[in-house]
Amino acid sequence: PPVRYVVTGAAGFIGSHLAETLQGAGHEVVGIDSFTDYYDPRLKEENAASLDVRRLDLACDELDFSGVDGVFHLAGQPGVRSFGDVFGLYVERNVLASQRVFEAAARAGARVVFSSSSSVYGEAERYPTPEDTPPRPLSPYGITKLSCEHLARAYMSSFGLDVVVLRYFNAYG
């Protein structure tokens, strides 16, 4: 039987390519995206054209992952220039949204792959950056992504969430 996946941020560059690849491998994929305007929404619509993408806000809409085998959690508020008035968006769209994804996944017994960021390192001393380099984020974006990593570990320890964290460096296409 096919594996059932949810891909958050499915209208984004990485999310849409991942969802298409999973579908191409014969899996069932449901995308979630809130279509924020950080990137051009028309481009996101094009990315999502061949996918089943549901418009949901992970920070406030109901999340039910019953029957889902795995969740690729790529959604979030990107950008390292995240100081000032926009800080609340980073807390809401990264920390709160991720906590709700982890909660729903733990409740449903779904595995999670969480997309973090190299921004958790701050100014890395060398590249490639060893995984055991102490995180010292210098932006609210990096701070919120590191908070999400800590939440993932807390849900693993407290609720048995099967989760892995990936720290992406620059992605382009």
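Position in the sequence shown counted from 1, then plus 631, gives you the numbering used here. Just so it is clear, CB atoms sit at the ideal spot from N, CA and C, and this is done for glycine as well.
In the DSSP assignment, find the unbroken beta strand (DSSP E) run with residue 746 in it and report its ends.
-> From DSSP, the beta strand (DSSP E) with residue 746 extends over 742-748.
Could you tell me which residues DSSP pairs with residue 663 in its beta bridges?
-> DSSP output for residue 663 lists 639 and 685 as bridge partner(s).
Given 8 Å as the limit, is there contact between the stretch 710-719 and the stretch 729-741, that is, 3 or more CB pairs closer than that?
-> As far as the Cβ criterion goes, the stretch 710-719 does not touch the stretch 729-741, which means the pair count is below three.
Taking only the alpha-carbon atoms, compute the straight-line gap between residue 724 and residue 690 and give it to the nearest angstrom.
-> Answer to the nearest angstrom: the Cα atoms are 6 Å apart.
Where do the ends of the alpha helix (DSSP H) carrying residue 646 lie?
-> Run containing residue 646: 644-655, per the alpha helix (DSSP H) assignment.
Report the partner residues of residue 703 according to the DSSP bridge assignment.
-> Bridge partners of residue 703: 638 and 744.
Can you tell me which of 672, 739, 753 and 711 puts its alpha carbon nearest to the alpha carbon of residue 695?
-> The alpha carbon of residue 695 has as its nearest neighbour, out of 672, 739, 753 and 711, the alpha carbon of 739.
Coarse secondary structure for residue 794, derived from DSSP in three states | Of the three classes helix, strand and coil, the one that applies to residue 794 here is strand, per DSSP.
In three-state terms, what does DSSP make of residue 799?
-> DSSP places residue 799 in strand when its eight states are reduced to three.
Grab the span of the alpha helix (DSSP H) containing residue 718 for me, first residue to last.
-> The continuous alpha helix (DSSP H) containing residue 718 extends over residues 718-721.
Cβ contact (3+ pairs, closer than 8 Å) linking the stretch 645-658 and the stretch 752-759 | Not touching, per the Cβ criterion.
Could you work out which residue in 747, 742, 645 and 663 is closest to residue 797 when comparing CA atoms only?
-> Per the Cα distances, 747.
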